[in-house]
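Let me begin by presenting the structure, written as structure tokens, before commenting on it.
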Amino acid sequence: MPRDTLTGSRIRERRAIKGLRQADLARQVGISPSYLNLIEHNRRRIGGKLLVDLAEVLGVEPSMLTEGAEAALIATLREAADEAGLATAETDRAEEFAGRFPGWAEVLSWSHRRIASLERTVETLSDRLTHDPRLAASLHEVLSTAAAIRSTASILAETGELEPEWRDRFHKNLNEDSARLADSSKALVNYLDDSATGEDHRGAPQEEVEAFMAANGHHFPALEAGTADPDAIVAAAPELTGRAARQVARAVLGQYLADAAAMPLEPFAGAVKVQGLDPLALAAAFDVDLPAVFRRIAALPEAALPGEVGLVICDASGSILFRKAITGFALPRFGEACPLWPLFTALSRPLVPIRRRVSQLGRAVAEFDCLAVAWPDGPPGFDRDPLYRSIMLILPLRHGEGTAAAAQPVGGTCRVCPRSGCDARREPSILSEGF
Amino acid sequence: MGRHVLLIEDEANITEAIRFLLTREGWTVDTHADGRDAIEVIRAAKPDLVILDVMLPGKSGMDILRELRDSDGLRDLPVLMLTARGQSRDREMAEKAGVNRFMTKPFSNAEVVTAVRDLYAQASRT
Numbered sequence: 001m002p003r004d005t006l007t008g009s010r011i012r013e014r015r016a017i018k019g020l021r022q023a024d025l026a027r028q029v030g031i032s033p034s035y036l037n038l039i040e041h042n043r044r045r046i047g048g049k050l051l052v053d054l055a056e057v058l059g060v061e062p063s064m065l066t067e068g069a070e071a072a073l074i075a076t077l078r079e080a081a082d083e084a085g086l087a088t089a090e091t092d093r094a095e096e097f098a099g100r101f102p103g104w105a106e107v108l109s110w111s112h113r114r115i116a117s118l119e120r121t122v123e124t125l126s127d128r129l130t131h132d133p134r135l136a137a138s139l140h141e142v143l144s145t146a147a148a149i150r151s152t153a154s155i156l157a158e159t160g161e162l163e164p165e166w167r168d169r170f171h172k173n174l175n176e177d178s179a180r181l182a183d184s185s186k187a188l189v190n191y192l193d194d195s196a197t198g199e200d201h202r203g204a205p206q207e208e209v210e211a212f213m214a215a216n217g218h219h220f221p222a223l224e225a226g227t228a229d230p231d232a233i234v235a236a237a238p239e240l241t242g243r244a245a246r247q248v249a250r251a252v253l254g255q256y257l258a259d260a261a262a263m264p265l266e267p268f269a270g271a272v273k274v275q276g277l278d279p280l281a282l283a284a285a286f287d288v289d290l291p292a293v294f295r296r297i298a299a300l301p302e303a304a305l306p307g308e309v310g311l312v313i314c315d316a317s318g319s320i321l322f323r324k325a326i327t328g329f330a331l332p333r334f335g336e337a338c339p340l341w342p343l344f345t346a347l348s349r350p351l352v353p354i355r356r357r358v359s360q361l362g363r364a365v366a367e368f369d370c371l372a373v374a375w376p377d378g379p380p381g382f383d384r385d386p387l388y389r390s391i392m393l394i395l396p397l398r399h400g401e402g403t404a405a406a407a408q409p410v411g412g413t414c415r416v417c418p419r420s421g422c423d424a425r426r427e428p429s430i431l432s433e434g435f
Numbered sequence: 001m002g003r004h005v006l007l008i009e010d011e012a013n014i015t016e017a018i019r020f021l022l023t024r025e026g027w028t029v030d031t032h033a034d035g036r037d038a039i040e041v042i043r044a045a046k047p048d049l050v051i052l053d054v055m056l057p058g059k060s061g062m063d064i065l066r067e068l069r070d071s072d073g074l075r076d077l078p079v080l081m082l083t084a085r086g087q088s089r090d091r092e093m094a095e096k097a098g099v100n101r102f103m104t105k106p107f108s109n110a111e112v113v114t115a116v117r118d119l120y121a122q123a124s125r126t
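Quick note, the sequences are listed as chains A and B, same order. Quick note: the first sequence, position 43, residue 43 per full-length UniProt numbering, numbers continuous. Quick note: the second sequence, position 39, residue 39 per full-length UniProt numbering, numbers continuous.
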């Protein structure tokens with residue numbers, strides 16, 4: 001039914017909301033109840049003074065009676081009907097519904113918006129679980145320990161005569177599991193609390209250093225300008241609470257300082273602007289090796305870069321030593337990264353630069369240009385094996401960029417990677433897609 | 001020979017509790033904690049029923065279940081699956097893979113014992 005023919009329905013609804021009888025309203029606006037009845041059943045069109053008078057008595061703007069509910073409400077109702085798969089004939093009557101039952105229409109509209117909001121929350125949490133191996137592992141640990149405690153406690157409580165040997169064993173198990181549950185619950189709560197305040201959980205020294213680097217945007221103007229040294233910056237950093245973390249941070253900043261000396265900010269940023277992120281050209285231009293160029297690119301201020309840049313460094317055991325996160329590329333907090341990353345491929349071919357277009361599965365598939373190289377760390381020696389490290393620069397790929405070859409799919413870490421049939425899988429995924 | 005269950009679970013204390021419960025019910029309980037060689041272990045043990053954890057080192061319980069259902073002689077082996085993830089889609093996936101019963105952690109002892117008893121009774125009737 002067209003919107004402007006529903007004025008009577010809206011008048012009737014508003015009158016009912018106000019608790020007025022038809023006769024009372026008719027009397028107050030100076031018309032007969034039978035005429036009002038015709039109006040309310042949309043059999044008489046009204047306008048002008050009568051409309052204004054009715055609106056005044058009903059306590060609404062005249063437009064509310066003629067135009068009915070707002071277009072947004074109608075649109076929301078249609079959207080809700082579409083998503084519910086309601087028949088077209090019913091959907092077409094959204095205006096009539098909103099006109100006749102504005103209160104219910106508001107309720108339905110609010111519920112629909114609320115569902116959409118909750119769906120977004122669920123999606124966000126799922127996304128977090130997908131990309132947050134630590135959260136997933138913590139939850140699994142808590143549930144498994146709770147299962148062991150529940151089962152053991154039930155045996156102790158419900159078994160009438162328990163042999164002393166079994167009883168002692170179960171008491172011991174209960175004691176162990178309750179301690180484990182206390183630890184894992186505390187770790188989970190701390191983690192969630194820290195996440196809620198926007199801070200990362202501080203555990204390993206590398207995590208404190210990562211928080212410190214992130215807080216500074218991975219860029220230190222005072223070091224660039226020579227107005228502060230690593231010791232002073234580390235001493236003033238609130239993120240670095242432990243001695244080990246401060247030591248790691250000093251080493252990172254020492255390397256930063258050396259890189260900045262070899263590739264001063266202004267000329268390096270200028271070269272990036274002219275040549276783009278071409279590490280080989282930059283290495284040649286500044287006479288440095290590729291790892292230094294990768295580190296320096298990741299240390300540039302955002303304004304000097306064409307987009308986000310991620311960086312990961314590992315040692316020969318595969319342990320992640322340093323990471324600069326990039327949107328869409330899941331980096332596990334604690335080692336255990338996907339062995340398909342070019343970072344690890346490079347370890348098998350030291351000093352050979354590797355470039356791979358990779359895609360990482362998450363809520364959405366994101367593609368990246370990954371450049372990696374492994375190099376012997378430390379001075380060479382005849383009587384000792386070299387210690388290799390590997391570094392990977394992660395650049396986002398926009399649609400259509402990169403080579404024609406299909407991107408190599410990689411994961412974050414096995415536990416939360418949904419890829420099935422992966423030769424590199426170390427352990428089952430807790431995500432159903434991986435089963 | 002008595003009723004024989006193989007419990008494949010890597011949480012040692014869960015294993016101990018279930019073994020105790022079922023042993024008292026008259027079951028012979030063998031245990032195993034690794035997913036990698038689970039199929040071989042099942043084939044060698046020839047149990048009447050398998051209790052299978054989903055998250056196992058080396059191989060997922062879901063993958064083991066799928067292999068079981070594709071294996072001659074093990075296709076009809078009753079499987080009770082235990083998991084810390086109880087979302088409906090996980091349950092659907094397990095059912096699709098051919099699970100006989102799906103149970104989420106933390107479970108009650110009575111549930112486990114009843115499920116084992118029921119599955120055995122059903123299998124004995126067929």
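Heads up, the beta-carbon is just placed ideally off N, CA and C, and yes, glycines get one too.
- Of all C-beta pairs linking the stretch 311-326 of chain A to the stretch 337-350 of chain A, three or more are shorter than 8 Å, placing the two stretches in contact.
- It is roughly 11 Å from the alpha-carbon of N109 of chain B to the alpha-carbon of V116 of chain B.
- If you check each beta-carbon in the stretch 48-78 of chain B against every beta-carbon of chain A, the ones closer than 8 Å belong to V54, M55, L56, P57, G58, K59, S60, G61, M62, D63.
- Taking 8 Å as the threshold, the shortest C-beta distance from A115 of chain B to chain A does not fall below it.
- According to DSSP, W375 of chain A shares a beta bridge with A:R389.
- For the stretch 166-182 of chain A, the set of positions with a beta-carbon nearer than 8 Å to some beta-carbon of chain B reads W166, R169, F170, N173, E176, D177 in chain order.
- Around the Cβ of L387 of chain A, a 10 Å sphere holds fewer than 16 other Cβ atoms; the residue is exposed.
- Taking the CA atoms as reference points, S109 of chain A sits about 60 Å from R349 of chain A.
- Cα atoms of K186 of chain A and G73 of chain B: separation of roughly 47 Å, rounded to the nearest angstrom.
- For L22 of chain B, the enclosing alpha helix (DSSP H) covers residues 12-24.
- It is roughly 8 Å from the alpha-carbon of L188 of chain A to the alpha-carbon of L139 of chain A.
- Here G35 of chain B carries a coil assignment [DSSP, helix/strand/coil].
- Contacts with chain B at 8 Å (Cβ-Cβ) do not include S184 of chain A.
- Rounded to the nearest whole angstrom, the CA to CA distance from G254 of chain A to R384 of chain A is 25 Å.
- For the set A:R355, A:P376, A:G378, A:A374, the Cα lying nearest the Cα of A407 of chain A is the one of A:R355.
- For R426 of chain A, there is no enclosing beta strand (DSSP E), as DSSP gives it neither H nor E.
- Secondary structure note for F294 of chain A: it is in no beta strand (DSSP E), and the uninterrupted alpha helix (DSSP H) holding it is 290-298.
- With a cutoff of 8 Å on beta-carbon distance, T28 of chain B and L7 of chain B are scored as not near each other.
- Counting only the Cα atoms, G412 of chain A lies some 6 Å from P332 of chain A.
- With a cutoff of 8 Å on beta-carbon distance, S178 of chain A and I149 of chain A are scored as near each other.
- Secondary structure note for L347 of chain A: its alpha helix (DSSP H) is the uninterrupted segment 342-347.
- The alpha-carbon of L38 of chain A is positioned some 20 Å away from that of E56 of chain A.
- K96 of chain B sits in a helix when the DSSP states are folded into three classes.
- E208 of chain A and F286 of chain A have their C-alpha atoms spaced approximately 32 Å apart.
- With fewer than 16 other beta carbons inside 10 angstroms of its own, T327 of chain A counts as exposed.
- Among the residues facing chain A, L21 of chain B is included, as its CB has a counterpart in that chain under 8 Å away.
- Here R150 of chain A is not bridged, per DSSP, to any residue.
- Interface with chain B (8 Å Cβ-Cβ cutoff): L143 of chain A is included.
- Within chain B, the residues whose beta carbon sits less than 7 Å from that of T152 of chain A are N13, A17, listed in sequence order.
- I11 of chain A is outside the set of residues whose beta carbon lies under 8 Å from a beta carbon in chain B.
- Rounded to whole angstroms, F212 of chain A and E302 of chain A show a C-alpha spacing of 17 Å.
- Using beta-carbon distances, I155 of chain A counts as an interface residue toward chain B, with a partner under 8 Å.
- Within the same chain, R14 come within 7 Å of V60 of chain A by CB-CB distance, once the 5 residues on both sides are set aside.
- Scanning chain B for C-beta atoms nearer than 9 Å to the C-beta of E427 of chain A yields G35, M55, L56, P57, G58, K59, S60, reported in chain order.
- Shown here, L174 of chain A sits in a helix according to DSSP, grouped into three states.
- Secondary structure of E367 of chain A (DSSP, three-state): strand.
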